[in-house]
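Read top to bottom, the protein sequences are chains A and B. For the record, in the first sequence the residue sitting at position 129 is 297 according to my numbering, with numbers rising by one throughout. For the record, in the second sequence the residue sitting at position 52 is 53 according to my numbering, with numbers rising by one throughout. The C-beta atom is built at its ideal place from N, Cα and C for all residues, glycine as well.
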Amino acid sequence: MSNTANAFKNGKAFIPFITCGDPDLETTGKIVRAMAENGASLIELGIPFSDPTAEGPVIQEANIRALSGGVTTDMIFDFVRELRRDVKIPFVFMTYANVVYSYGTEKFISACADIGVDGIILPDVPFEEKGDFAPVCKKYGVDLISMIAPTSEQRIEMIAKEAEGFIYIVSSLGVTGVRSEIKTDIASIVAAVRKCTDTPCAIGFGISTPEQAHRMASLSDGAIVGSAIVKIAAKYGKDAAPYIGEYVKSMTEAL
Amino acid sequence: MSNGRFGQHGGQYIPETLMNAVIELEEAYNRYKDDPQFNSELTALFNDYAGRPSRLYYAEKLTKTLGGAKIYLKREDLNHTGAHKINNVLGQALLAKKMGKTRLIAETGAGQHGVATATAAALMGMECVVFMGEEDTKRQALNVYRMKLLGSEVVPVTTGTATLKDAVSEAMREWTSRIADTHYCLGSVMGPHPFPTIVRDFQAVISKEIKQQILEKEGRLPDAVMACVGGGSNAIGTFYHFIGDKDVRLIGCEAAGRGIDTFETAATINTGRLGIFHGMKSYFCQDKYGQIAPVYSISAGLDYPGIGPEHAYLHDIGRAEYVAVTDDEAVNAFEFLAKTEGIIPAIESAHAVAHAMKIAPEMDKDRIIVITISGRGDKDCAAIARYRGENIYE
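Following this line, the structure appears as structure tokens:
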């Protein structure tokens with residue numbers, strides 16, 4: 169079992185997201201520790217990209233804040249290496265294909281393995297294009313996380329069969345961001361996934377309240393929350409860590 | 002390797018949410034592209050509505066003034082809506098209609114593709130939303146008004162550099178959130194497969210006509226065909242039927258902005274490197290960490306950090322040449338063509354004219370060049386006046 173999958177060993181997983189370097193890496197470090205202390209099972213670390221096409225306005229703005237602050241992929245690698253001395257829960261990077269490809273896929277993925285990042289999520293790399301990344305990820309033991317969307321339908325089996333670590337189920341159409349209601353028939357998507365694999369499933373996109381997290385986690389193995397956390401980061405800036413810690417606590421307790 | 006590759010370029014680098022939508026589009030396109038009924042409907046739209054075939058005009062005064070190769074202009078500026086964009090849009094709108102879609106969304110830079118999409122939507126009774134960088138809505142205010150007049154909604158995009166690339170990103174985001182009734186009418190030979198192929202096929206009518214027309218007029222093929230390149234749709238349309246004719250030089254003219262040795266440039270082949278963005282693997286202007294560069298050109302239509310995957314491939318194999326043309330050179334050509342031929346080209350097309358002004362005088366008089374005038378320049382007059390220090394507004 170990969171370290172990523174370990175996040176699902178002890179019941180439902182709560183997976184928070186944060187954009188590295190928003191507004192600076194020192195703050196991100198405090199936020200990640202606050203998340204870990206308050207029961208996060210796995211943390212998604214966003215490497216900012218100039219043009220994040222799968223993100224709604226909240227995470228787009230976080231990307232801009234981070235990049236204007238001058239953060240780079242190399243700085244994030246050094247930061248995670250440092251973080252790994254005391255934070256032991258699994259980490260996955262969430263970024264875009266070009267950030268990895270342009271850096272050099274092998275150089276990037278081997279660095280992940282070296283600094284202790286367990287997986288990677290690339291929202292602009294669907295099943296058909298994973299050949300650019302999957303063999304390198306396999307070589308270095310880094311999970312390439314697969315995504316399944318409400319529109320996946322007959323594609324679910326193909327994706328689920330080759331999934332590693334965990335499966336990221338996209339709760340609804342559209343980009344990341346808080347939604348008042350999630351209408352997708354998630355239960356049937358999870359059922360279709362379960363037919364083909366034991367790989368755990370976590371649901372993301374649009375989750376912000378403890379009630380939503382509870383509902384989504386009850387339908388699957390965990391809940392992923394990004395925009396709601398990034399909103400707190402935007403509101404409190406360098407002082408955001410305790411507020412995010414408190415939020416993560418309320419969410420993990422609700423699961 | 003996945004579908005839709007041109008050498009190493011192309012592919013489908015998009016969110017899983019959109020995968021079935023592009024697969025559905027590919028299946029529909031494969032079903033209709035050789036369908037006689039579809040093609041007769043499209044030909045009727047091309048001829049009776051858009052005014053095809055567009056003229057191939059011998060620019061005698063331009064030729065004599067430059068004193069070298071014989072220059073022909075392929076007059077895509079004479080099409081309905083004033084640019085080559087209508088060729089692709091009529092094809093895609095007809096296809097979308099056959100697929101049962103009732104709503105078109107599109108990105109636009111200069112506004113020509115937005116206007117063409119709004120036009121087709123009006124004609125076919127479809128809803129239409131156009132995404133346009135806020136910066137471009139200012140540069141091309143008249144086109145914003147035209148789209149609204151045609152019944153479309155125009156959404157100003159404020160993210161990033163508020164130009165064409167951000168309009169593409171926003172249109173992709175919109176498509177992710179509403180797929181069932183919506184077709185994304187992409188305006189260039191870029192984005193995920195099957196768009197680069199579909200758009201090329203609809204624009205290939207340009208080179209198909211050039212070939213027939215030049216054979217009628219000259220009894221031989223041209224020595225070079227030239228076009229401006231942003232994403233590259235009028236260029237691939239101009240090149241396509243000549244790719245197999247090895248003696249015909251294919252020349253794409255990129256926007257160098259203030260120069261390829263500055264950061265204020267949009268010349269992708271000349272300054273970019275291999276990357277993955279907006280659904281495709283191709284060349285992109287980017288920094289060492291893969292962050293997409295905030296490109297610049299006076300031309301809103303060429304102000305894009307990438308290039309279509311088929312162009313990237315034609316560059317790799319050395320079949321096509323891609324040269325860089327600065328703002329200054331393009332503005333000079335804009336004015337020069339107006340004065341010598343009485344034709345005001347789009348500032349985009351003026352990039353191709355500018356390069357012809359460099360190479361034509363060096364060529365023998367029995368040589369033949371065809372320049373595609375992809376659009377007309379009415380939309381640019383106010384901006385060029387301002388560039389020359391005359392403070393006029395539309």
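DSSP places Phe243 (chain B) in no beta strand (DSSP E); its state is neither H nor E. Contiguous beta strand (DSSP E) elements confined to the region 361 to 390 of chain B occur at 369 to 374, taking only those with 3 or more residues. About 6 Å separates the Cβ atoms of Arg104 (chain B) and Met127 (chain B), confirming a contact at the 8 Å cut-off. Of the candidates A:Thr195, A:Ala281 and A:Ile183, the residue whose Cα lies closest to the Cα of Ala408 (chain A) is A:Thr195.
If the five residues before and after Ser218 (chain A) are omitted, its C-beta is found closer than 8 Å to the C-beta atoms of Asn231 and Leu235, all from its own chain and listed in chain order.
Val158 (chain B) is bridged by DSSP to B:Gly134.
Shown here, Arg274 (chain B) sits in a strand according to DSSP, grouped into three states. A residue is called buried once 16 or more other Cβ atoms fall within 10 Å of its Cβ, and Asn392 (chain B), having fewer, is exposed.
Taking a beta-carbon distance threshold of 9 Å, Asn171 (chain A) does not count as an interface residue toward chain B.
Remark: C-beta atoms of Phe278 (chain B) and Tyr73 (chain B) do not approach each other more closely than 9 Å.
Taking a Cβ-Cβ cut-off of 8 Å, the neighbours of Arg323 (chain A) in chain B comprise Glu17, Met20 and Asn21, given in sequence order. For Val332 (chain B), the uninterrupted alpha helix (DSSP H) run begins and ends at Asp328 to Glu342, by DSSP. When only Cα atoms are considered, Ala84 (chain B) and Tyr50 (chain B) end up about 13 Å apart.
Residues of chain B whose Cβ lies closer than 7 Å to the Cβ of Met315 (chain A) are, in chain order, Glu17. If you look at Gly253 (chain B), you'll find it in the beta strand (DSSP E) that goes Arg250 to Gly258. Between Ser388 (chain A) and Cys364 (chain A), the C-beta gap is not smaller than 9 Å, which leaves the two residues out of contact.
Of B:Ser178, B:Thr183, B:Ile180 and B:Pro195, the smallest CA-CA separation from Glu27 (chain B) is found for B:Pro195. For Asn80 (chain B), same chain residues with a beta-carbon under 8 Å away, outside a window of 5 residues either side, are Ala51, Gly52, Arg53, Ser55, Ile87 and Asn88 in chain order. Your pair Leu341 (chain A) and Thr177 (chain B) checks out as a contact, with CB atoms roughly 6 Å apart and the cut at 8 Å. In the three-state scheme derived from DSSP, where H, G and I count as helix and E and B as strand, Phe217 (chain A) is classed as coil. Excluding the 5 residues flanking it on each side, Pro310 (chain B) has same chain C-beta neighbours closer than 6 Å at Phe7, His10, Gly11, Pro197, Met281 and Ser283, in chain order. For a Cβ distance threshold of 9 Å, nothing in chain A lies close to Arg259 (chain B): the least Cβ distance comes to about 21 Å. Exposed is the label assigned to Ser348 (chain A), since fewer than 16 other Cβ atoms lie within 10 Å of its Cβ.
Excluding the 5 residues flanking it on each side, Gly390 (chain B) has no same chain C-beta neighbour closer than 7 Å.
Interface with chain B (9 Å Cβ-Cβ cutoff): Val200 (chain A) is excluded. Following the DSSP letters along the chain, one finds Cys280 (chain A) inside the alpha helix (DSSP H) bounded by residues Thr273 to Ile283. The bridge partners DSSP lists for Phe261 (chain A) are A:Leu213 and A:Ile288. Between Val268 (chain A) and Leu210 (chain A), the beta carbon gap of about 19 Å keeps them out of contact (Cβ cut-off 8 Å).
Its chain contains Leu57, Tyr73, Arg221, Leu222, Pro223, Ile369 and Val371 as the residues whose beta carbon lies nearer than 8 Å to that of Ile215 (chain B), once the 5 sequence neighbours on both sides are disregarded; these appear in chain order.
Taking Lys212 (chain B) as the centre and dropping the five residues before and after it, the same chain places the C-beta of His242 closer than 6 Å to its C-beta, in chain order. In terms of CA proximity to Arg362 (chain A), A:Ala331 leads the group A:Val343, A:Ser339, A:Ile199 and A:Ala331. DSSP, read as helix, strand or coil, puts Pro346 (chain B) in strand. Three or more beta-carbon pairs drawn from the region 143 to 154 of chain B and the region 105 to 122 of chain B are found closer than 8 Å, and the two stretches are therefore classed as touching. Of all residues in the region 290 to 301 of chain A, only Pro291, Asp292, Val293, Pro294, Glu296, Glu297 and Gly299 place a beta-carbon less than 7 Å from a beta-carbon of chain B. Excluding its 5 nearest sequence neighbours in each direction, Ile288 (chain A) has C-beta neighbours in its own chain below 8 Å: Val260, Phe261, Met262, Thr263, Val268, Ile277, Cys280, Phe301, Cys305, Val310, Asp311, Leu312 and Ile313, listed in chain order. According to the DSSP assignment, Phe39 (chain B) belongs to the alpha helix (DSSP H) that extends over Pro37 to Ala45.
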